[in-house]
Amino acid sequence: MSNIITKDSQVSPSSVLQSEKTQFPSGIPPQLMMLQMIKSYWISQLIYIVAKLGIADLLKDAPLSCEKLASSTGTHPRSLYRIMRALASVDIFAQNQEGYFTLTPLASYLISDVPDSVRAAAIMLGEEHYQAWGNILHSIRTGTSSFEYLYKTDLFQYYEQNPESAKIFSEAMTSVSAIDNIAVTKAYNFSKIQKLVDVGGGQGSLIAYILKSNANLQGILFDQPSVINSTKYFLETQGLSSRCEVIGGDFFKSVPRGGDAYILRHILHDWDDERALVILKHCHEAMKENALLLLVEMVIPPGNEPSLGKFIDINMLIMCHAGCERTEAEYQALLEQAGFQLRKIFTTETDINIIEAIRV
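Written as C-alpha cells, this is what we have:
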C-alpha cells in the first residue's frame, strides 16, 4: 500500500489511484482494498468470540453441529451459526457436508493447550485492547493513554486488580514469547557469555531457552518479588534451577551484579525516555567495563518501510502512553546517555531485533 502514496505533493490523490489501479496483483480496485482494511476488525472480533467461547477446544476431537456448540457454550444457535459460517469463509473452521463444523489449520491455533496457541492473544486483544483502541481519538488529542482514560487506572495496576485478565495477558505473552525465544537464540551467539542476567525476565522462558541452547552458560533472572515464585517453579520444571539464580527486586532502584552480559526483552518499550534511562543507568552501574547489553526490541525502520513495530508503537500510546517503539537513532542516543556504545543491531526471523551495546 505504501506505493500508492506519491512523493510528488503536486499530484492529486485521485490521479495516483488511477495510475496505480493496475498494480494490485489480485485485481482488486484500490478503493475496495481500502474498504477491506477498514472493516478488518470484523474478522478479528469474530475470532475473539470463538476464542472466548472455546469453540476450537470443543472441536479438537470431532466435528460438531452448531446446535451442540451452542448448547455447550450457552449461546444462541442461529447467531453462533452465522459467526461460524462467516469465519469458515476465511478458512477459520469449515463446514462439512453434514453441516457440522470442523477445525482447519488456522483454527487449530485457537485450541488452548497446543504449542504456539494464540487463543489467549485473541481474547486479550478482543477485550481491553479493543475497547481502548475504540477510544483512540482521546490518545491522539491528548497524547495520553485511552486505556487509562477508559479504565481509570494504568495497565499494570489494572492487571493487579483483575487477576483473570492478568492471567490471559500472561498466557498471551507466553505464546508470543515462544516464537521470539527461538528467533533470538538463532540470531545471536551466546556461547561467548559466561553469566547472563535477564532483567525483567518474567516467567523465565527466554533465559530458559538460551540456557538450554548453551550448556556452559549460567544465568540470573531478575524481576518483581510478586512473580519470582512462579519463575522458580518454571525453571525447576525445565531442570535449570541449578544453573539460574532468581532474584526479586525493582529495576528502577537497582539490578543484580555479577553478569558479563545483561539482556532486556520488551522492557524499554514500556517506558518513556526518562524512565528507560533510569533502567539503563542501573544496568550500567551493575556491569563491569566492556560487559555486554542486549536489548530485544522492535527497531522502527526509516521512511515508508512496512513494520509491525509502527503499529505496536501506536498500541503502546493507547495502552500505556509512557511506552513507545524507537528507531536506531533513538536507541543510540538513549544508550549513549546511559554510558553505552551501540555496536550492532541483529535482525531475526521475526519482527524483533537484538541491539548489542557495550559498557564504556
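First residue of the sequence shown? That's 598 in this note's numbering, and the numbers climb one at a time after it.
Cβ coordinates follow ideal geometry from the N, Cα and C atoms, glycine included.
Note that the coordinates shown come from a computational prediction; the quantities given were computed from them, not determined experimentally.
Practice item. Please determine if the region 639-653 and the region 703-711 are in contact, where contact requires at least 3 C-beta pairs separated by less than 8 Å. Key: The region 639-653 makes contact with the region 703-711: 3 or more CB pairs, one atom from each, lie closer than 8 Å.
For the region 890-897 against the region 868-875, do three or more pairs of beta-carbon atoms, one drawn from each stretch, fall closer than 8 Å, so that the two count as touching?
No: the two stretches stay apart, fewer than three of their Cβ pairs being nearer than 8 Å.
**Exposure label - M916; buried when at least 16 CB within 10 Å** = Sequence index remark: in the sequence shown, residue 916 carries index 319 (1-based). Around the beta carbon of M916, 16 or more other beta carbons lie within 10 angstroms, which makes this residue buried.
Discussion item. So within the region 854-939, which uninterrupted alpha helix (DSSP H) runs reach at least 4 residues, ignoring any that extend past its ends?
Written reply: The qualifying runs are 870-883, 905-916 and 925-935.
- Task: Over the uninterrupted alpha helix (DSSP H) stretch that includes K592, give me the two end residues.
- Result: Not covered by the structure: residue 592. The range shown for the chain is 598 to 957.
Margin query: Going by beta-carbon coordinates alone, are A888 and R854 separated by less than 8 Å?
Written below: Against the sequence shown, residue 888 aligns to sequence position 291. Against the sequence shown, residue 854 aligns to sequence position 257. Taking 8 Å as the Cβ cut-off, A888 and R854 do not qualify as a contacting pair.
DSSP three-state assignment for T828, whether helix, strand or coil: Counting from 1 along the sequence shown, the entry for residue 828 is found at position 231. Shown here, T828 sits in a helix according to DSSP, grouped into three states.
Open item on the list: Here's the rule: buried if 16 or more other CB atoms are within 10 angstroms of the residue's CB, otherwise exposed. What is E757?
Closed with: Locating residue 757 in the sequence shown gives position 160, counting from the first residue. E757 comes out exposed.
- Query: Of all the options R956, D910, D948 and I911, which has the alpha carbon lying nearest to the alpha carbon of Q929?
  - Reply: Along the sequence shown, one-based indexing puts residue 929 at 332. The shortest Cα separation from Q929 among R956, D910, D948 and I911 belongs to R956.
How far does the beta strand (DSSP E) with L656 in it extend, from its first residue to its last? For the purposes of this step, residue 656 is taken as residue 59 along the sequence shown, with counting starting at 1. Not the beta strand (DSSP E): L656 falls in the alpha helix (DSSP H), residues I652 to L656.
message = Could you tell me the alpha carbon to alpha carbon distance between R716 and F819, rounded to whole angstroms?
response = For the purposes of this step, residue 716 is taken as the residue at position 119 of the sequence shown. For the purposes of this step, residue 819 is taken as the residue at position 222 of the sequence shown. Taking the CA atoms as reference points, R716 sits about 28 Å from F819.
Original post:
Can you check whether the CB of I720 is closer than 8 Å to the CB of T701?
Top reply: Here residue 701 refers to the residue found at position 104 of the sequence shown. Here residue 720 refers to the residue found at position 123 of the sequence shown. In this structure, I720 does not lie closer than 8 Å to T701 by Cβ.
* Using the Cα positions of E761 and P626, report the straight-line distance between them to the nearest angstrom. => For the purposes of this step, residue 761 is taken as residue 164 along the sequence shown, with counting starting at 1. For the purposes of this step, residue 626 is taken as residue 29 along the sequence shown, with counting starting at 1. Rounded to whole angstroms, E761 to P626 spans 44 Å at the Cα level.
R956 - DSSP class collapsed to helix/strand/coil = Here residue 956 refers to the residue found at position 359 of the sequence shown. In the three-state reduction of the DSSP assignment, R956 falls in the strand class, which pools E and B.
**Asked** From what residue to what residue does the alpha helix (DSSP H) around G723 run?
**Response** Locating residue 723 in the sequence shown gives position 126, counting from the first residue. Run containing G723: R716 to G723, per the alpha helix (DSSP H) assignment.
Margin query: Using DSSP's beta-bridge definition, name the partner residues of L793.
Written below: As a working note, residue 793 is residue 196 in the sequence shown. Per DSSP, G816 and A858.
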